[in-house]
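Protein chains in written order, with the numbering used here: chain E, 666 to 1086; chain R, 104 to 396; chain W, 8 to 285. To start, the structure under review is shown below, and the notes come after it.
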């Protein structure tokens, strides 16, 4: 008898639970247009900042913008799976390395066509991300990637000036390591391969050492300058100046290590300044230009990453989506966003006032303006397949299993194979 | 009429399961089979059938075989260690050497690794294993490591490290299942054998193990399948690195699907994995049938 | 276990017990300590065990955020429902496998065991299309059904095993008295198998609770998401909120631990030898 009652109770509970499940709390019932925006920006900005922009937009135009979030590392997966099942948002935040593949796969819609129909003044956009001769994404703000310096460590090691050249950098690393600190770190984690772009390549770009040659072709094998750079880095690693555990070091590990005061130099986005100030308010942070090759006189190519937006092909409100994106290029909105995030505006109209921002940022801004913004991986074909393979080659090279020539040859082959597909 | 009802009874009991599995699992798996014969899927607007080309591509890819080697090591060592640790802990928890209170506390502590999600386990161990992490700190005291020993980036050690972490987070499953089984072994059996002069070791081999055999085989089978699939912990600790030393089949397939967007190839590789598991499952079911009869 | 209780054996066994405890518990202790530190302290060298700077900031950040609290509620609701449904359906299936012989028995059994071998990452997109077609995307229902599919094989496997150790004489006794198969299953076998059911139920709960990939993909809005997704949302582009992640993890496991402690007595109760061995 008791057993039967228990079973009945359980059945009732399940039936009730099943009823609950069908209830979708988020049943949409809107009179106006609602745009969905898949992004990771809201988490990086101050609490409620991005939502406030959306609320303002709603007040001004009656169009609601709903923020959807996913962890940054999984946003690409979320967009791809959403696109193929028709559930993806209207507006998506995209990283530079995804643009080509998304455009190729038909996930992003051709913004050039929309812009032409819209008649919007395109000079507002400082740059446009193009693939296959059309624009697919618009960078809203741009992040410089300077070299952050722990000035306290430098002082403790008796280093008077921040290093400007490769040999000065090596000298500084030697002194720092002798004093028991870590000098430099390169994050070569495969699951989120930003390090190969910003840190490994970024250091090289500062001395105008690039994978692409003047004709726009990948000249990696036999590239003497690249070989020199690789050997320089290998030397630093062999001497023990680079933080151990490169291949499992994520960007977050690296920034946290810097914030804890054990690491002297890292290359990272200007945006981390906010979190550094929060986590380690006593840290004496300075910035310097990425050391250039001895004797280098030209203009540095400064590594830049961007927060860009695209519109999905699935969207039923493409024109409305474009209007919202254009709204973000408003002088005051764009400028404010740039100052809050320690970034450079992507709108030519914006005139940001950095006096209220981070004390170190004006230096970053100056260095950024003195060079040209550059990122070979933005709009690169099959970037997400290339980067982990490139990382594997660097790791093998750093371990001494391949020599410089082989290393570059391997990378060239990988690149050629991807271009041929 | 009665006979029909009698024959239909097992199917009725099985009906909800079958409906659920067929609709939610068999259909997508058929879709995956289909993808594996196309030149590309999902991202390709008009795919063409290419027969077995994807399979031959996969089987000819040296990265695939690298993944297979890593997976074999990972799975076999994990399953064996899970079994050993699980059995050991279960017996400790079942022994009469300790008071009930001690056993209760120990039981709770031993089951802890199970309670956390894969991301957290990966992040936690990564924090512990990083150079200058707590593991290096403690091991430095006993001179087994220096403060800079790299557990996850050293090519010769990385695979052992992630296998170790997988063992750590997976043994409670065995422990609990075996404990439930141990509780069910009648103490009469042990008493009789003790009277006959059997030592503890003999008791273990001749009573405990045979009694637990069905459970041991069941959970080993499941663990085999789950270990092959294990993705999150490895991905978040090493991402398959350094230089593909910890790239198992699940990571290999993930990279194919989401880094290279080659879903057809990924589907082909998945089908290969599925076939291996089906073969293992067939053996298992035959075994169960024999044991039952 | 009956045997001689030599003192030396007791010492060895006790040492093993303690070592086992350290092996299992130390990382969890470290997690807890880390949840009391700030992000930079977690990375400090040398690592600190006790710190005067210990604070509960991470915990208040998690508990004070209604969105995060919602994650916990969703997780427990979904996991609880998954356990109930899986046990109900799984026990029925296990009964069929244990007590009957019927055509296709082997095939069905093989299929059930082996389909879980399909790597979830590849299953993801076709599966998602299916969920969208069934119009249950971004609901509890989608996750409930998904997790049931993942946990059923284990449940069926284990329950079949447990049922196999119970003599069919008991079933026959019920049927001779005029009861149905249903009665035999739920009235006799289930009560005897309670320890087994509890362990299967616990595992099902853990599996549903800890799942991340499908929880992320099958939900769109944060009010439908679960704790693992919530923890991963703390991983930003350049920095992670380590402390909050640890805090959220500790908080999440607490009620499960409590449940486990509560249900422990069913393990201790044991099963009467007669009914089992028969």
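Ideal Cβ positions, reconstructed from N, Cα and C, are used throughout, including at glycine. Quantities reported herein were computed from a predicted structural model and do not represent experimental measurements.
**Item:** Own chain residues within Cβ distance below 7 Å of residue 692 of chain E, not counting five before or after
**Value:** Model confidence at residue 692 of chain E stands at a pLDDT of 44, short of 50, so the residue's coordinates are unreliable and nothing is read from them.
**Asked** DSSP state of residue 258 of chain R, grouped into three classes?
**Response** coil
**Asked** So is residue 120 of chain R in contact with chain E if we call contact Cβ pairs under 8 Å?
**Response** no
**Message:** Given 7 Å as the limit, tell me if residue 222 of chain R has its C-beta closer than that to any heavy atom belonging to the ligand MG.
**Reply:** For the ligand MG, the structure offers nothing, since it holds no ligand at all.
**Request:** Could you tell me whether the Cβ of residue 921 of chain E comes closer than 8 Å to any Cβ of chain W?
**Result:** yes
**Asked** At what residue ranges does the segment 28-90 of chain W contain a whole run of the alpha helix (DSSP H), taking only runs of 4 or more?
**Response** 46-49 and 64-70
**Asked** Does residue 740 of chain E have its Cβ less than 8 Å from a Cβ in chain R?
**Response** no
**Prompt:** So is residue 863 of chain E buried or exposed if we call it buried at 16+ other beta carbons inside 10 Å?
**Reply:** buried
**Prompt:** Which value, in whole angstroms, describes the spacing of the CA atoms of residue 1002 of chain E and residue 707 of chain E?
**Reply:** 11 Å
**Message:** Along the chain, where does the beta strand (DSSP E) containing residue 809 of chain E start, and where does it finish?
**Reply:** 799-809
**Message:** Quick check: residue 347 of chain R and residue 164 of chain R, are their CB atoms within less than 8 Å of each other?
**Reply:** no
**Prompt:** Quick one: does residue 264 of chain R have its CB under 8 Å from some CB of chain W?
**Reply:** no
**Alpha-carbon to alpha-carbon, residue 885 of chain E and residue 1076 of chain E** = 7 Å
**Request:** Starting from the C-beta of residue 1025 of chain E, find all residues in its chain whose C-beta is less than 8 Å away, skip the five residues before and the five after it, and write them out in chain order.
**Result:** 938, 950, 951 and 952
**Asked** Between the segment 914-945 of chain E and chain W, which residues of the former have CB atoms less than 7 Å from a CB of the latter, in chain order?
**Response** 916, 917, 920, 921, 922, 924, 925, 927, 933, 934, 936, 937, 940, 944 and 945
**Prompt:** Can a CB atom of chain E be found closer than 8 Å to the CB of residue 62 of chain W?
**Reply:** no
**Request:** Taking residue 745 of chain E and residue 974 of chain E to be in contact with their CB atoms under 8 Å, please state how far apart those CB atoms are, rounded to whole angstroms.
**Result:** Not really, about 17 Å apart at Cβ, beyond 8 Å.
**Message:** Residues in the same chain with beta-carbon distance under 8 Å from residue 136 of chain R, minus the five sequence neighbours each way, listed in chain order, please.
**Reply:** 370 and 374
**Spatially closest choice to residue 1078 of chain E from E:767, E:913 and E:1055, by CA coordinates** = E:1055
**Counted within 10 angstroms of its Cβ, other Cβ atoms place residue 269 of chain R as buried (16 or more) or exposed** = buried
**Prompt:** Expressed to the nearest angstrom, what Euclidean distance is found between the alpha-carbon atoms of residue 1022 of chain E and residue 947 of chain E?
**Reply:** 17 Å
**Asked** Cβ of residue 935 of chain E within 8 Å of Cβ of residue 1008 of chain E?
**Response** yes
**Request:** Inspect the beta-carbon positions of residue 311 of chain R and residue 279 of chain R and report whether they are closer than 8 Å.
**Result:** no
**Prompt:** Using CA coordinates, which residue listed in R:251, R:222, R:361 and R:276 is at the minimum distance from residue 182 of chain R?
**Reply:** R:276
**Prompt:** Would residue 62 of chain W be called buried (16 or more neighbouring beta carbons within 10 Å of its own) or exposed?
**Reply:** exposed
**Prompt:** residue 297 of chain R to residue 309 of chain R, Cα distance in whole Å?
**Reply:** 12 Å
**Prompt:** Are residue 717 of chain E and residue 733 of chain E close, meaning C-beta to C-beta below 8 Å?
**Reply:** no
**Request:** Within the same chain, show all residues whose beta-carbon is closer than 7 Å to that of residue 111 of chain R, passing over the 5 residues directly before and after it, in chain order.
**Result:** none
**Prompt:** Which residue's Cα is closest to the Cα of residue 392 of chain R: W:223, W:245, W:112 and W:89?
**Reply:** W:112
**Prompt:** Can you tell me the Cα-Cα spacing of residue 208 of chain R and residue 229 of chain R, whole angstroms?
**Reply:** 28 Å
**Message:** Suppose you measure from the CA of residue 888 of chain E to the CA of residue 865 of chain E; what does that come to, to the nearest Å?
**Reply:** 16 Å
**Item:** Beta-carbon neighbours of residue 342 of chain R, restricted to chain E and to distances below 7 Å
**Value:** 854, 855 and 856
**Message:** Three Cβ pairs or more, each shorter than 8 Å: is that satisfied between the segment 806-822 of chain E and the segment 897-910 of chain E?
**Reply:** no
**Message:** Taking contact to mean 3 or more Cβ pairs, one atom from each stretch, closer than 8 Å, check whether the segment 214-229 of chain W and the segment 44-54 of chain W are in contact.
**Reply:** no
**Item:** Local conformation of residue 710 of chain E per DSSP, three classes
**Value:** coil
**Message:** By the DSSP assignment, the beta strand (DSSP E) with residue 757 of chain E in it spans what residues?
**Reply:** 756-759
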